[in-house]
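Protein chains in written order, with the working numbering: chain R, 1260 to 1368; chain Y, 7 to 120. All C-beta atoms in this analysis are idealised placements derived from N, C-alpha and C, irrespective of residue type, glycine included.
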Amino acid sequence: SQQGEEDPQALSIQEGENATMNCSYKTSINNLQWYRQNSGRGLVHLILIRSNEREKHSGRLRVTLDTSKKSSSLLITASRAADTASYFCATGGYNKLIFGAGTRLAVHP
Amino acid sequence: DAGVIQSPRHEVTEMGQEVTLRCKPISGHDYLFWYRQTMMRGLELLIYFNNNVPIDDSGMPEDRFSAKMPNASFSTLKIQPSEPRDSAVYFCASSSRTGVGGYTFGSGTRLTVV
């Protein structure tokens, strides 16, 4: 069963625009992670945010976490065509990570 | 490190045949995971190992599926006999106890059972 659920399922934007993806989860967590998957490839770890953190940045990525609402968001600023991929949130820690259904992001030149 | 290495990249087999998928985790990682990805069910955790010992195989769909990890650098996922509904992309991933860097995934094996 999936712990996290991403919203929207699909997102289509133009290069240079910002992309925001949301994730909701059901049970309490120690941390939440975001991954990217390019077509035909494995998942790549992007960022981890701990339950006592509210916001974290990595390059053009900004992740927020609201444990009271059991939700997280991933913001990609100034998107590029190379950001086209599926993005997944995941919870569960180092020993049993459960992934959401993902958001498919398409960035058009 | 070359990352998590999976083989083969693609496998096409006939229903009823045995299929063996292979994985070499990152050296020093003590956790190894097998996931299956389909359009209908997304990413499903099948089984994971800690220090070569299977810890949780509750995600293994049926007795036709089995996984082994004979040493720290090698794991297999076997399906016997295979069925068309087993068609999916199978991923292996590894991580360390700290989990700081998240999981490292292999490129996956695309299995097609005809």
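Here DSSP, grouped into helix, strand and coil, assigns alanine 1349 of chain R to strand. Secondary structure in the stretch 13 to 43 of chain Y: the beta strand (DSSP E) runs of 3 residues or longer, each lying completely within the stretch, are 16 to 19 and 25 to 30 in chain order. Within the stretch 84 to 109 of chain Y, the complete beta strand (DSSP E) segments of 3 residues or longer fall at 94 to 101, listed in chain order.
Within the stretch 1266 to 1332 of chain R, the runs of beta strand (DSSP E) that reach at least 3 residues and sit entirely inside it are, in chain order, 1269 to 1273, 1278 to 1284, 1290 to 1296, 1302 to 1309, 1314 to 1317 and 1320 to 1325.
Lysine 1355 of chain R reaches chain Y at Leu51, Tyr54 and Asp62, counting residues in chain order whose Cβ is nearer than 7 Å.
Of all residues in the stretch 94 to 115 of chain Y, only Phe97, Ala99, Ser101, Ser102, Arg103, Thr104, Gly105, Val106, Gly107, Gly108, Tyr109, Thr110, Phe111, Gly112, Ser113 and Gly114 place a beta-carbon less than 8 Å from a beta-carbon of chain R.
Taken through DSSP and simplified to helix, strand or coil, alanine 1365 of chain R comes out as strand. Among the bridge pairs identified by DSSP, isoleucine 11 of chain Y is matched with Y/Lys30. With the criterion set as a beta carbon lying under 7 Å from some beta carbon of chain R, the members of the stretch 35 to 51 of chain Y are Tyr37, Gly48, Leu49 and Leu51, in sequence order.
Here the stretch 1337 to 1344 of chain R makes no contact with the stretch 55 to 73 of chain Y; the two share fewer than three CB pairs at distances below 8 Å. Arginine 1300 of chain R reaches chain Y at Ser113 and Gly114, counting residues in chain order whose Cβ is nearer than 8 Å.
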